[in-house]
Structures are given as structure tokens and as C-alpha cells.
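Order-wise, the sequence lines are chains A and B.
The first sequence begins at 6 in the numbering used here and counts up one residue at a time.
The second sequence begins at 262 in the numbering used here and counts up one residue at a time.
Contents: one structure, followed by commentary.
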Amino acid sequence: MSDVLEIRDLRLRFRGYSGTSEVLHGISLNIRAGERVALVGESGSGKSVTARIVLGLLQELPSAQVDGGLFFEGEDLNRLSRRQWRALRGTSISMIFQDPTSSLNPVFTIGTQFAEVLRRRDPKLSREAADERAGTLLQSVSIHDHSRVLGAYPFQLSGGMNQRVVIAMALANRPSLLIADEPGTALDVTVQAQTLKLMHELVERSGTAVLFISHNLGVVREFADRVFVIYRGRIVEQGPTRAIFEDPGHAYTRALMAAVPRITGGGLPDFNDSESAFLDPMVVHGGGKA
Amino acid sequence: MTPLLSLRHVSKTFGSGPGAVHAVRDVSLDVTQGECLAVVGESGSGKTTLANMILGVFGQSSGEIRFDGNGLPVRRTLEHRSAIQLVQQNPLSSLNPKRSVGASIRLGLDVFGIGARSDRWRLVEDALEEVGLPGNFRRRPPAALSGGQCQRVAIARALACQSRLVILDEPTSALDVLVQARVLRLLEDLRRVKGLSYVFITHDLSVVRNVADRVAVFRAGKLVECAETRAIFEDPQVDYTRQLIGAVPVIADDELKLRESLSGGMPA
Numbered sequence: 006m007s008d009v010l011e012i013r014d015l016r017l018r019f020r021g022y023s024g025t026s027e028v029l030h031g032i033s034l035n036i037r038a039g040e041r042v043a044l045v046g047e048s049g050s051g052k053s054v055t056a057r058i059v060l061g062l063l064q065e066l067p068s069a070q071v072d073g074g075l076f077f078e079g080e081d082l083n084r085l086s087r088r089q090w091r092a093l094r095g096t097s098i099s100m101i102f103q104d105p106t107s108s109l110n111p112v113f114t115i116g117t118q119f120a121e122v123l124r125r126r127d128p129k130l131s132r133e134a135a136d137e138r139a140g141t142l143l144q145s146v147s148i149h150d151h152s153r154v155l156g157a158y159p160f161q162l163s164g165g166m167n168q169r170v171v172i173a174m175a176l177a178n179r180p181s182l183l184i185a186d187e188p189g190t191a192l193d194v195t196v197q198a199q200t201l202k203l204m205h206e207l208v209e210r211s212g213t214a215v216l217f218i219s220h221n222l223g224v225v226r227e228f229a230d231r232v233f234v235i236y237r238g239r240i241v242e243q244g245p246t247r248a249i250f251e252d253p254g255h256a257y258t259r260a261l262m263a264a265v266p267r268i269t270g271g272g273l274p275d276f277n278d279s280e281s282a283f284l285d286p287m288v289v290h291g292g293g294k295a
Numbered sequence: 262m263t264p265l266l267s268l269r270h271v272s273k274t275f276g277s278g279p280g281a282v283h284a285v286r287d288v289s290l291d292v293t294q295g296e297c298l299a300v301v302g303e304s305g306s307g308k309t310t311l312a313n314m315i316l317g318v319f320g321q322s323s324g325e326i327r328f329d330g331n332g333l334p335v336r337r338t339l340e341h342r343s344a345i346q347l348v349q350q351n352p353l354s355s356l357n358p359k360r361s362v363g364a365s366i367r368l369g370l371d372v373f374g375i376g377a378r379s380d381r382w383r384l385v386e387d388a389l390e391e392v393g394l395p396g397n398f399r400r401r402p403p404a405a406l407s408g409g410q411c412q413r414v415a416i417a418r419a420l421a422c423q424s425r426l427v428i429l430d431e432p433t434s435a436l437d438v439l440v441q442a443r444v445l446r447l448l449e450d451l452r453r454v455k456g457l458s459y460v461f462i463t464h465d466l467s468v469v470r471n472v473a474d475r476v477a478v479f480r481a482g483k484l485v486e487c488a489e490t491r492a493i494f495e496d497p498q499v500d501y502t503r504q505l506i507g508a509v510p511v512i513a514d515d516e517l518k519l520r521e522s523l524s525g526g527m528p529a
């Protein structure tokens, strides 16, 4: 199967007043067509910057220095002009951010924002046609009173409703890659469970590949086919979800799993805290191509 | 034994007329000495309003709140204020960015007149050491500390005031999972050693399962279920509790089994 996204030896450095700081130390990662791949790690480990590099957003920052291979559907992204890269965003690659309410523009109605998204693929689309397509898309995320939602501003809708709108928008142009950065973290657990289930069904149906960024191991286990664990800008373990959760090989992954409190009880977790072991070489499970 | 904190038919309504919001409706609860009571529910269920009434940020609309056997007036005495302390969700925004963390801790000692004036910096350092930070951290601003360290400072600040009841409002939800595990362990140790009582407000049920003695489930301002932790997780009486447990993302197979036995999978 061909790779939708391939990242090869990606490095990132930020230049600041006090010298440069290295954020990514050469990470490699691949996502096959229709596959759901999770990138798991703590804050500051380099998850979100990786997503921003794939979108080409970080490269526009003068203080960021990005090296490494980026291939999208076989095409070398580094060779694209800014304009070509921008044309990919929102059409072939789309993104869902953590907080749905703040990722929507507060001064435009959902309908206006939806039309803008649809016109990225089809610039001549009339507003009526856009509203009609938006209506069917909203129906696919179980929003049935779509005429009210299209006329509403983001702050008039609940967080869960906005999240669904954002998911519908992200999938509107049938992207081949969806990047989801901590989707639903800002929502209640029950709403989060619903939106994840919904997203799962939709990407399955449309065959969209997903790069799923999260710090929540439980959510990752439920959503992803394959997992990459990232610690301080290095991938420390990778493999199929089942293999990673049943037999974590790296000291850091084991500590992460042990630190998660269980709903079956058993008291507060004990885990190996030795940070030197966290820098051990990468563990690769069978089935996951290195 | 009289409970340390006791709420009887407490309600809070914001506004009046048809637009009134009934944030908390007729809640009765007890917290005994040394107990950790978890308050769980979704956003808007009245958890934080409840905390604010216990802290005396505003008074209840009706009902009575008793502390250590006596009714709590809306206008609290210094003694009440030092005995009931708060640890908030986001430590970076709950500490004053322009003060050193030591000065933030000392402010409570000054206000409540704890210890001799000349002795207070030593008390501040003791408080920092108690939460596992070096005493010389007192000179640092919050911005020079990590999120987990800031949360430890917030805990030190609550404890330095000789508190007996600490309201923990989502104390670990802004922290990474490894840091969360360490802070939870610290809170647990402090409770054992000092005989503190906690009101632990959270929406994370897997944390609740491992730290709380009893759980109070809130929905739309009402207390829908309150029982021992084990009973809540193994035999919930209310559908809403089952839904909440059913929505928790889990990592182990035995957790999955427990969840499915309660809810039959994820809520639709």
C-alpha cells in the first residue's frame, strides 16, 4: 500500500535570543492510505510542531529551521512553492484543532465559514449550492437542524456542536489526509466519546488517512491503528496499537502506561521515573515499517 | 462524629424571573475529617458554584453550610478563610506572575497572622519542602517553574495556611500524565500525614477511582448519586453515572470489560 504521508528524518530548530534550541531530533513516520496513525507524547515533546510542519505553517516562521524529507502522496512537499502548499491546505490536507470554539471565526456565521471552505476546492460555488452541500455534510455529523446551525455564530452553539461542525468542515473537501490535534480535549468526556466515535465512522467511510495527535493514551487506543510515541523530539517506540498497549517495550512508554490511573482501581500508580532510561534507543514492533 | 463540612438543602440561583439560572439545587452533603470526597459532573453541572459557596466567594440562596459543627456565615472570619483553602486548575494563572512564589505563599501567612513575623520565610521554605521543592525556589517567579512545580507551589500555599479542608478544582487536568501521577501521590501523602479533608472536583473518573473515598455525581445542579467509590464504579444506581463511566477512555482490557458491563460500549 502506498504512503499518503512520509516524514523522513525531520529536524526542527528554533533560533532565539539565547542561541538555538533543537525541538525535533530527526523523526521518521509514515501513514498509509486510509490508516489512522497516532502520535502520542507529553506537552513540549514536539507533537504539534510536527503537524504544523506537514501543513507548511512553521516553515513560514523566520525563527524556525526545518530540515528533512516530507512526502505527500509521493510528492516532495519541500519543492512546493508557498502558493502550491497553501492550495493543499483545506483541500487535500485538512486539520482539526483542540478547541473547536476558538478555531472558528467568531464574527462570521457557520454558513459563511462553510462556504469559504467549500470554495477552496470549487471557487465558483454559489452560496445556495454551498449551503445545500453544507447541509448534507452537517447531516453526516448528526446535526439535523442544519439551517439553524448554518445561520448561527460559533458562540451560539455548544462546544460539542462546534466540534461536529469543525469535523464536517475538515472532511468537506474529501481530503486524503486529516490532521487532528488533540480533538475533543476541551470537551466533556461524554461529548468527547461521541465525537471520536463519529470521526471514526466518517474517516472509515471516506477512507481518509488520519494523523492523530494526543496525550491521552485511552483515546489513542480506541482510535488508532498504529502508534508512534514521541519523547523530547525523538520517536521512542512505534508499532501497531495492540502491540504497543499489550507489550510496551520502551521505558518511557511503560512509564506513560503505568502513570495512567485505571477505572478498575488499584490505587495510585507506581512507575519507573528514571529519565535517563527514557532516552534509550527506539523500539519498533513488528508490522510497523521503520 | 460530626462531619467537618456539612451542606443541608443548599441551593444557588443566579438572576431572577424567567431568566434565572439554578446552578445548584437542594444539595445535601457531608465531608468527614480526613476524607476525600470527589465531586464529578460535566461542565455546567454546578461543581464550581458549589466550591465557591463552600469557600465563601458568594453566599448560598438557601440552605445551610456548617463547618466543624458551626454554621458558616456568608462573611467569613479569618479563621474560616484560613481553614478552607483552594487549589485551582491552572497553576500558571492562579499564581501572581509578578510575585516570587515565596511571596505568594507568604501573603497567606501575613493575612492570617500565622507564625512570628521573623519566622515566616522559614515557614515558606518548610511549606515548599513539604511539597517536594527546594526551599530556595521561593525567590523564583512562577514563569521560571514548570506546570507541575507551579501546582506544587499552589498546594504549598494552601497548606501553609494551616488549612483543614482543601478544595481541589481540577488540580491535575492541566498536567501531563506523568506529572499528574506525581502530584496525585503528593496530595494523597499530605492527606494521610496531616489528616486533611479534600473536596476533589474533577471530570476525570479514572483519577476519582483511585483517590476518592466517596463520590458525588452532579448533573444540571442536582446531586444525582452519592456513594462509596467502589459502589459507584461497580454498581452505579443512576443511568447518568453509567454513561459517565462508559465514556472514559481506557487503556487496559479489564477496564474495557468493566466499562462494557456497565454501559454496553460507548454512548451513542
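Just so you know, even glycine gets a beta-carbon here, dropped at the ideal spot from N, CA and C.
As the structure is a prediction and not an experimental result, all values here were calculated from the model.
So, are the CB atoms of residue i and residue j less than 8 Å apart?
i: B/V454; j: B/T463; result: no
i: A/R231; j: A/E40; result: yes
i: B/T309; j: B/D465; result: no
i: B/S434; j: B/Q350; result: yes
i: B/F461; j: B/A299; result: yes
i: B/G320; j: B/R337; result: no
i: B/V213; j: B/V476; result: Nothing can be reported for residue 213 of chain B: it is not among the residues displayed for chain B, which extend from 262 to 529.
i: B/Q346; j: B/S458; result: no
i: A/L203; j: A/I249; result: no
i: A/F217; j: A/V54; result: no
i: B/V292; j: B/L266; result: yes
i: B/N471; j: A/G270; result: yes
i: B/E516; j: B/Q498; result: no
i: A/L130; j: A/R94; result: no
i: B/P352; j: B/C411; result: yes
i: B/R413; j: B/L447; result: yes
i: A/I58; j: A/I235; result: no
i: A/S7; j: A/A38; result: yes
What does residue i reach in chain B if we use C-beta pairs closer than 7 Å?
i: A/T195; result: E303, Q504, L505, A508 and P528
i: A/P266; result: S467, V468, R470 and N471
i: A/M262; result: I512
i: A/S48; result: D437
i: A/F276; result: A442
i: A/F250; result: I512
i: A/E227; result: P510
i: A/A282; result: Under the 7 Å cutoff, chain B gives no residues; its nearest Cβ is about 13 Å from A/A282.
By the criterion of Cβ-Cβ separation under 8 Å, what are the contact partners of residue i in chain B?
i: A/L273; result: A442, L445, R446, E449, N471 and V472
i: A/R237; result: What A/R237 touches in chain B: nothing, since even the nearest Cβ is about 12 Å away.
i: A/V224; result: P510
i: A/A256; result: Going along chain B, no residue has its Cβ under 8 Å from A/A256, so there is no contact; the nearest lies around 12 Å.
Roughly how far, in whole angstroms, is the beta-carbon of residue i from the beta-carbon of residue j, given that I think they are within contact range, below 8 Å?
i: A/L17; j: A/A69; result: 6 Å
i: A/I36; j: A/A175; result: Actually they are not in contact, since the Cβ atoms of A/I36 and A/A175 sit about 16 Å apart, beyond 8 Å.
i: A/A177; j: A/L123; result: 6 Å
Whose Cβ in chain A lies nearer than 7 Å to the Cβ of residue i?
i: B/L519; result: I268 and T269
i: B/D515; result: T269
i: B/F270; result: Residue identity check: residue 270 of chain B is His in the sequence provided, not Phe. Neighbours of B/H270 on chain A: none; closest Cβ ~27 Å, over 7 Å.
In chain B, what lies closer than 9 Å to residue i by C-beta?
i: A/N221; result: V438 and P510
Which residues in chain A sit within 8 Å of residue i, going by Cβ to Cβ distance?
i: B/F479; result: Under the 8 Å cutoff, chain A gives no residues; its nearest Cβ is about 12 Å from B/F479.
i: B/H464; result: D193 and V194
Within the 8 Å Cβ cut-off, does residue i reach chain C?
i: B/F494; result: You won't find chain C in this structure, because its protein chains are A and B.
### Message
Quick check: the stretch 327-343 of chain B against the stretch 377-397 of chain B, are at least 3 beta-carbon pairs closer than 8 Å?
### Response
no
### Every unbroken beta strand (DSSP E) within the stretch 317-392 of chain B, with a cutoff of 3 residues, ordered by chain
323-328 and 345-348
### Task
Indicate whether the contact test is met: 3 or more Cβ pairs, each with one atom in the stretch 270-282 of chain A and one in the stretch 278-290 of chain B, closer than 8 Å.
no
### Message
Check whether the stretch 179-191 of chain A and the stretch 493-502 of chain B touch, using three or more Cβ-Cβ pairs below 8 Å as the test.
### Response
no
### Task
Pair every Cβ in the stretch 218-236 of chain A with every Cβ in the stretch 503-513 of chain B, then say whether three or more of these pairs are closer than 8 Å.
yes
### Message
Closer than 8 Å is the cut-off here; do at least three beta carbon pairs connect the stretch 368-387 of chain B with the stretch 395-411 of chain B?
### Response
yes
### Query
Which whole runs of the alpha helix (DSSP H) in the stretch 97-138 of chain A are 4 residues long or more, in chain order?
105-108 and 115-126
### Task
Mind listing, in chain order, the continuous alpha helix (DSSP H) runs of no fewer than 4 residues lying wholly within the stretch 143-184 of chain A?
151-156 and 164-177
### Query
When the Cβ atoms of the stretch 441-459 of chain B are set against those of the stretch 282-290 of chain A, are three or more pairs found closer than 8 Å?
no
### Query
Are the stretch 108-122 of chain A and the stretch 157-176 of chain A touching, with three or more C-beta to C-beta distances below 8 Å?
yes
### Task
Report yes or no: do three or more beta-carbon pairs, one from the stretch 59-73 of chain A and one from the stretch 7-16 of chain A, lie closer than 8 Å?
yes
### Message
Is it the case that the stretch 373-382 of chain B contacts the stretch 432-447 of chain B, given that we only count it when at least three CB pairs across the two stretches are under 8 Å?
### Response
no
### Message
Going residue by residue through the stretch 228-287 of chain A, where are the continuous beta strand (DSSP E) segments of at least 3 residues, counting only ones entirely within it?
### Response
231-236 and 239-245
### Query
Counting pairs of Cβ atoms below 8 Å between the stretch 100-110 of chain A and the stretch 190-203 of chain A, do you hit three or more?
yes
### Task
Within the stretch 391-434 of chain B, note down every full alpha helix (DSSP H) run reaching 4 residues or more, in order along the chain.
408-421
#### Entry: Whole runs of the beta strand (DSSP E) within the stretch 182-222 of chain A, excluding any shorter than 3 residues
182-186 and 214-219
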